[in-house]
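Read through the structure below, which is laid out as structure tokens, and then see the notes.
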Amino acid sequence: MTGTRVLVAVAVGAALVAPILLPSPSLRILTTAVAMAVAVLGVNLMGGYLGRVALGHGAFVGSGAYTTVILSADHHWPIVATIPASAVVCFALGLVVGVPALRIKGLHLALVTLALGASFGPIVKRLEFLTNGPNGKGSTAAWVAPTWLGEGRRADGRWWYLVAVAVAALVFVLARNLTVGRVGRGVVALRDGELAAVANGVPASRYIIAMFGCSAAIAGVAGALLMIQNPFAAHTNFESSFSLHLYAAATLGGLATINGAVVGGALLVGLPYLSARLGINLNDNVIFGGTLIVAVALFPAGVGTVFSGLVRRTGLLPSSGPGPIVGGHHQ
Amino acid sequence: MQLFVQRIFDALGNGSIYAALAVALSLVYRASGQLNFALGEASMVSTYVALTLATKPRGLMFGTWAQQHLGTPWPLLPAFMAAMVVGFLIALVVHRLLSGRSPRRPVTAVVGATIGVSLLLNGLVGQTVGTRFSAFPTPFPQGADAYVSVGGARLWFENIGITVTMVVVLLTLAALMRFTRLGLAFRAITSNRDSAELTGIHVERTLALGWGMAGSLGALAGVLVANTTLLEPNMMTRLFLFSLAAATIGGLDSPVGAALGGLVLAVVQTMAGGYVPAIGGDVSILVSIALLLVVLYVRPRGLLGRRHVVRI
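Protein chains in written order, with our numbering: chain D, 130 to 460; chain Y, 3 to 314.
Next up, the structure:
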């Protein structure tokens, strides 16, 4: 237990020191990575714990982003209040998707989520009165840093980063509690053997729908966090390919691991950045397609498990929660 | 009435393309329980190969090289055949990725590997040719009067050509499955994989052939549709999504159902686009998803799918 505390303390310390040491552009990228880690967490909950492949979570992230921008621009909400609002909106959307998903499983559900992800753009374009159609919607309201952080863009950048880290930390703790708690264990039992779980009294429908809602809500929070820095939502940023990149990042991090989402978020932002910095300029699809193939072929349990395996061997971190899917069950 | 017939005719071309891709998906799914999410992008790549071989190079991948060493431009038929070979080979690679240690991989592995290949192919082509649209040749007569008039409705030669080609190919495939040794082996694997293996059928090899043939079918769909849609890296993304929906609507484990699903989906899309004023071209995707959800909710196995029975 002390090992975990040391690790958490180091992580919190590093997170708090980062805004002082890092120059503004790097901090911006780091803030985006924090938001993306939350988005990947949403995919992880669905793909790993529920065992339902989620190929359309970009739509939930996009809904969260649009909710934030619409509330801020049209209804003059402070941005801080739009974050929980995005969570609520996406939770509701998740429930709506979750109900039909009760009857669909495996590859069928995978392709339904793929289709839902692809329909996000057309729906946004259609709802022009709300979303400003194909041009994207922006808000002029910026969240200015409190005075103790100083003034100017640099202070704002630090503030946005700190907010993102704080919200992400909260979401991660809640998600961890969810997965090790009653619902989480029930859902994993359903994943591994639905009949046995139901026979043992797990209320399948309620738990599955609840998990859908939570997963979508988390993705919505990620969308809101993305909008803190630059409150401009464009449907082109949340298209099918984004959903697939999210799924790739979740797989790379390790599908049924909470920590894996951090790795996934870092890779999602870091790999394209790295490729641009190295002057290779690979297309995002090439990067995530390639790494996804390698990950599935070499590390069926996720690349994140390689890291966490190493950490566990040092004895710093006890294994937490249900393990990742390694193989076995089909559909 | 004339307009109604016209809309049915218009749906024929798209319907046969959806049907072909849906059959390719369901063939593989039936035998191996795996969905090839990379089929769409693989046929896009194959179509680019056909373009490189059939036309004069204009800054295309390997265009100049092909002209010097392969003597392009080729006539259309061999170029299309080459595309089908490429589709076959890509499908083999994907199958190889998925086969291996355990024969029954979890859904996450199937989705991960095929989505990975799909993204990679799309990205590589996008990186090479950019977002440019290329015109693509067609073997069928073109022009303002290239149609036959049936009761005032125009039935374009291109739609007839695509539909007839697909019907012939699908019937050939059905005959292959029904009357040849390979087809018998394939059906045996579909019916009971373990027993098939015990009778001496090379399961992996037969499945690989099945994947390859499905890949060729996808490539054929690609080269036939590219003239209408114009060729670009994202050409197949939406078409493939519709085909997935079509296969699911018809029943993933029934090739006949999948073909039927393709036609039904195309007709519904054309009708919705034509009669409901609020629905433009872009929203045919919403109609498809609505149809997909309704069918899955009412009849999760699809129109002609088998009920999945498990022994406990």
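A virtual CB, placed ideally from N, CA and C, is assigned to each residue, including glycine.
{"Item": "Cβ neighbour criterion (16 or more within 10 Å) applied to H1 (chain Y)", "Value": "With chain Y running from 3 to 314 in the structure shown, residue 1 (chain Y) is simply not present."}
{"Item": "DSSP bridge partner residues for F220 (chain D) (one or two, in chain order)", "Value": "According to DSSP, F220 (chain D) bridges with nothing at all."}
{"Item": "Contact check, S290 (chain Y) vs G275 (chain Y), beta carbons under 7 angstroms", "Value": "no"}
{"Item": "A190 (chain Y) to M83 (chain Y) span [Cα, whole Å]", "Value": "29 angstroms"}
{"Item": "Helix, strand or coil at F320 (chain Y) according to DSSP, with G and I counted as helix", "Value": "Nothing in the structure corresponds to residue 320 (chain Y), since chain Y is present only between 3 and 314."}
{"Item": "Neighbour flag for T380 (chain D) against chain Y, beta carbons, 7 angstroms", "Value": "yes"}
{"Item": "Which of helix, strand or coil DSSP assigns to A155 (chain Y)", "Value": "strand"}
{"Item": "Per-residue contacts from Y299 (chain Y) into chain D (C-beta, under 7 angstroms)", "Value": "P229, R232"}
{"Item": "Proximity test, Cβ basis, 7 angstroms: G253 (chain Y) and chain D", "Value": "no"}
{"Item": "R291 (chain D) to Q358 (chain D) span [Cα, whole Å]", "Value": "The residue you asked about is not Arg; residue 291 (chain D) is Leu in the sequence shown. Approximately 12 angstroms, taken between the alpha carbons."}
{"Item": "Within chain Y, partners of A426 (chain D) - CB distance below 8 angstroms", "Value": "L99, A115"}
{"Item": "Whole-Å CB distance - V225 (chain Y) paired with A68 (chain Y), under 8 angstroms assumed", "Value": "That pair is no contact at about 16 angstroms."}
{"Item": "Length of the line joining the Cα atoms of I164 (chain Y) and A261 (chain Y)", "Value": "14 angstroms"}
{"Item": "Spatially closest choice to V258 (chain Y) from Y:L14, Y:R195, Y:Q8, Y:A26, by CA coordinates", "Value": "Y:A26"}
{"Item": "Backbone secondary structure at I19 (chain Y) - three-state DSSP", "Value": "helix"}
{"Item": "Proximity of F138 (chain Y) and N229 (chain Y) at Cβ, strictly below 7 angstroms", "Value": "yes"}
{"Item": "Candidates Y:A93, Y:G304, Y:Y299, Y:E234, of which the one nearest G264 (chain Y) by Cα", "Value": "Y:G304"}
{"Item": "Short CB-CB distance (under 7 angstroms) between S404 (chain D) and chain Y", "Value": "no"}
{"Item": "Within-7 angstroms CB hit, I337 (chain D) to chain Y", "Value": "no"}
{"Item": "Cβ neighbour criterion (16 or more within 10 Å) applied to H374 (chain D)", "Value": "buried"}
{"Item": "Cβ pair G227 (chain D), I338 (chain D) closer than 7 angstroms", "Value": "yes"}
{"Item": "Option in D:T420, D:F428, D:A424, D:N410 with minimal Cα separation from Q129 (chain Y)", "Value": "D:N410"}
{"Item": "Range covered by the alpha helix (DSSP H) that runs through L192 (chain D)", "Value": "In the sequence as displayed, the identity of residue 192 (chain D) is Ser instead of Leu. Here the alpha helix (DSSP H) through S192 (chain D) covers 186-203."}
{"Item": "Alpha helix (DSSP H) segment containing K254 (chain D), residue limits", "Value": "235-255"}
{"Item": "Nearest to V129 (chain D) (by Cα), restricted to the options D:L354, D:G265, D:D285", "Value": "Nothing can be reported for residue 129 (chain D): it is not among the residues displayed for chain D, which extend from 130 to 460."}
{"Item": "Contact set between the stretch 239-262 of chain D and chain A, restricted to residues whose Cβ is under 9 angstroms from the partner", "Value": "Reference to chain A is not applicable here, since the protein chains of this structure are D and Y."}
{"Item": "Euclidean distance between Cα positions of A198 (chain Y) and S372 (chain D)", "Value": "39 angstroms"}
{"Item": "Distance between G214 (chain Y) and P105 (chain Y) (C-alpha atoms, nearest Å)", "Value": "Confidence at P105 (chain Y) is low in this model, with a pLDDT of 49, below 50, so the placement of that residue should be treated as unreliable; the coordinate-derived value is given next. Going by the C-alpha atoms only, they are around 18 angstroms apart."}
{"Item": "Residue of D:L299, D:A293, D:V331 minimising C-alpha distance to R311 (chain D)", "Value": "D:V331"}
{"Item": "Neighbour flag for L397 (chain D) against chain Y, beta carbons, 7 angstroms", "Value": "no"}
{"Item": "Limits of the unbroken alpha helix (DSSP H) element including G276 (chain Y)", "Value": "257-277"}
{"Item": "Residue from D:A216, D:A351, D:A183, D:G419 with nearest C-alpha to V109 (chain Y)", "Value": "D:A183"}
{"Item": "Unbroken alpha helix (DSSP H) run spanning A221 (chain Y), endpoints", "Value": "205-231"}
{"Item": "Bridge partners - S136 (chain Y), DSSP secondary structure assignment", "Value": "Y:L233"}
{"Item": "Of the residues Y:G42, Y:R9, Y:Q4, the one placed nearest L267 (chain Y), counting alpha carbons only", "Value": "Y:R9"}
{"Item": "Range covered by the alpha helix (DSSP H) that runs through R335 (chain D)", "Value": "333-358"}
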